């Protein structure tokens, strides 16, 4: 089992920056990839960015050039640096880990961008 805890959300003005962190615990050596998802009210949960154990990254088109995903395996942490935030980035952001044939989710952290 892998447990995930997100932190770093908050309220920011449009054009500002926030950094999210996801702390993993448990069977972290089995994690193949990790990612950030977000879910706005009334909408589905969508992938924001992902990173494999080899460091390959993938981004949603809407965040390319503004968000950067990274991972520190020595600290069992994953990060999402969000720059030039827009009101449409407002959502609950979730951390996800893929390990063996399982997945784990964090509890989510709220990001609110005011115009």
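In my numbering, the protein residues as written are 39 to 153.
We put the CB at the ideal spot given by N, CA and C, even for glycine.
Quick caveat, the model's predicted, so the values are computed rather than measured.
Helix, strand or coil for residue i, going by three-state DSSP, please let me know.
i	result
residue 147	strand
residue 112	coil
residue 94	coil
residue 68	helix
residue 153	coil
residue 55	coil
Taking the straight line between their C-alpha atoms, what separation do you get for residue i and residue j?
i	j	result
residue 144	residue 123	22 Å
residue 60	residue 139	20 Å
residue 92	residue 135	14 Å
residue 77	residue 95	20 Å
residue 130	residue 57	14 Å
residue 110	residue 100	25 Å
Which same chain residues, not among the five before or five after residue i, have their C-beta less than 8 Å away from its C-beta?
i	result
residue 55	119, 120, 121, 122, 123
residue 83	75, 76, 77, 132
My guess is that residue i and residue j are in contact by the Cβ rule of under 8 Å, so how many angstroms apart are they, rounded?
i	j	result
residue 65	residue 40	6 Å
residue 132	residue 75	5 Å
residue 150	residue 128	5 Å
residue 88	residue 73	3 Å
In its own chain, which residues sit with a C-beta less than 7 Å from the C-beta of residue i, not counting the 5 before and 5 after it?
i	result
residue 137	40, 65, 68, 69, 70
Can you list, in chain order, the residues of its chain whose CB lies under 6 Å from that of residue i, leaving out five sequence neighbours each side?
i	result
residue 108	117
residue 51	152
residue 106	119
residue 104	121, 122
residue 49	150
Is there a C-beta anywhere in chain D that falls below 8 Å from the one on residue i?
i	result
residue 51	The structure shown contains no chain D; it is built from a single protein chain.
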